[in-house]
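Participant: The letter at position 44 of the sequence shown is residue 60 when you use the working numbering, and the numbering goes up by one with no holes. First the structure, then my questions, so here it is.
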Amino acid sequence: MSKSFKPEFLVSGTWCSNAQRFATHAEALATAAARFQVWTMPTDYRASESDDPVNYVRDENGDRGI
Numbered sequence: 017m018s019k020s021f022k023p024e025f026l027v028s029g030t031w032c033s034n035a036q037r038f039a040t041h042a043e044a045l046a047t048a049a050a051r052f053q054v055w056t057m058p059t060d061y062r063a064s065e066s067d068d069p070v071n072y073v074r075d076e077n078g079d080r081g082i
């Protein structure tokens, strides 16, 4: 099984995520940080390990599906 990382956001005391999965912890954390900067509901963010396949990559242009 492939390992991936997902961005998560703390909203009203619950950790939430979407379908994005990245190959590295750094990519997932960078996208979470970028969203956290512009969203108003989350009070924290993190990147967590997942068993889902990688489906996104983050580079200098932002996120893109693969």
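Backbone N, C-alpha and C define an ideal beta-carbon position, used for all residues, glycine too.
When DSSP builds the beta bridges, which residues end up paired with residue 62?
Facilitator: As a working mapping, residue 62 is identified with position 46 in the sequence shown. Answer is 24, bridged to residue 62.
Participant: Is it the case that the segment 63 to 82 contacts the segment 35 to 50, given that we only count it when at least three CB pairs across the two stretches are under 8 Å?
Facilitator: yes
Participant: In this structure, how does DSSP classify residue 54 when only helix, strand and coil are distinguished?
Facilitator: Locating residue 54 in the sequence shown gives position 38, counting from the first residue. Residue 54 falls in the helix class under three-state DSSP.
Participant: Since residue 30 sits in a beta bridge, which residues does DSSP pair it with?
Facilitator: Counting from one through the sequence shown, the residue named residue 30 turns up at place 14. 27, per the DSSP bridge assignment.
Participant: So, at 6 Å on beta carbons, what are the nonlocal neighbours of residue 41 in its own chain, with the 5 sequence-adjacent residues on each side left out?
Facilitator: To locate residue 41, count along the sequence shown from 1; it is residue 25. In the same chain as residue 41, and ignoring 5 residues on each side of it, the C-beta atoms closer than 6 Å to its own belong to 21, 63, in chain order.
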